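Plus 3 on top of the position in the sequence shown (first one is 1) and you've got my numbering. Below is one structure, written out as structure tokens, with a few remarks after it.
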Amino acid sequence: MLSELCQQCGLCCSGALFTFLPVTEEEAKRVVPLGVRTEQRRDGRLALLLPCAVLRSTRCGAYDARPARCREYVCELGKAVQRRERPLDAALAVVDEAKRGLAELEALLGPPEPGDVRSTLQRAQQAEAREPDDVWFKAVRGKARSLEAMLQQYFVGSY
Ligand code: SF4
Ligand code: SF4
Numbered sequence: 004m005l006s007e008l009c010q011q012c013g014l015c016c017s018g019a020l021f022t023f024l025p026v027t028e029e030e031a032k033r034v035v036p037l038g039v040r041t042e043q044r045r046d047g048r049l050a051l052l053l054p055c056a057v058l059r060s061t062r063c064g065a066y067d068a069r070p071a072r073c074r075e076y077v078c079e080l081g082k083a084v085q086r087r088e089r090p091l092d093a094a095l096a097v098v099d100e101a102k103r104g105l106a107e108l109e110a111l112l113g114p115p116e117p118g119d120v121r122s123t124l125q126r127a128q129q130a131e132a133r134e135p136d137d138v139w140f141k142a143v144r145g146k147a148r149s150l151e152a153m154l155q156q157y158f159v160g161s162y
């Protein structure tokens, strides 16, 4: 059931929930040749950057080589499905709602410039920091805040 949910979701790889995940040198050596972006963090740790460059729609383009964090991570919504606290169709409805919110935010922001690899939420956060009092940015901020709260509630936080 979890794999069915994840195959139609992909939000944890898309930059909607996190902007990076820690990887080992060995894992980086395996996935960088496949197109994954990595960087050395200030604390010295190596990180895979999200949105993941090998995410193909909702599927992993480096499935057999993916790092341990990718294999092991289960969001709160996924855990609720695993524990049979939430039926699959209800969980899929939550994923649809999150994606609708992301699409609405994307529509407000407009399409990214070519080569802009930031996630929709990263673009929104950086846009609102530039002109905090502008009406358009206020609309972006309102949409971004409600979406972040929803993602926190169902995917990242306790559930
Ligand atoms: S966010 Fe949750 S449901 Fe979506 S792909 Fe990741 S683990 Fe699966
Ligand atoms: S390597 Fe695959 S599972 Fe890991 S973040 Fe990228 S797309 Fe997701």
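In this text, a Cβ means the ideal position worked out from N, Cα and C, and glycines have one as well. Since the structure is predicted, the reported quantities are computational estimates derived from the model, not experimental observations.
Which residue's Cα is closest to the Cα of residue i: the options?
i           : options          : result
residue 157 : 6, 19, 119 and 7 : 19
residue 51  : 5, 83 and 15     : 15
residue 146 : 95, 93 and 127   : 127
With DSSP as the reference, please indicate the residues paired to residue i in a beta bridge.
i          : result
residue 49 : 43
residue 59 : 62
residue 23 : 52
Can you determine whether any heavy atom of ligand 2 sits closer than 7 Å to the C-beta of residue i, and answer yes or no?
i           : result
residue 51  : yes
residue 65  : yes
residue 36  : no
residue 121 : no
Assuming residue i and residue j make a contact with CB atoms under 8 Å, what is their CB distance in whole Å?
i           : j           : result
residue 53  : residue 24  : 7 Å
residue 112 : residue 143 : 7 Å
Tell me whether residue i counts as near ligand 1, meaning its Cβ is closer than 7 Å to at least one heavy atom of that ligand.
i          : result
residue 57 : no
residue 8  : yes
residue 15 : yes
Would you call the region 9-18 in contact with the region 95-113, where contact means no fewer than 3 C-beta pairs closer than 8 Å? yes
Using 8 Å as the Cβ pair cut-off and three pairs as the minimum, do the region 49-66 and the region 85-96 touch? no
Evaluate the contact criterion for the region 21-41 versus the region 110-118: three or more CB pairs, one atom per stretch, below 8 Å. no
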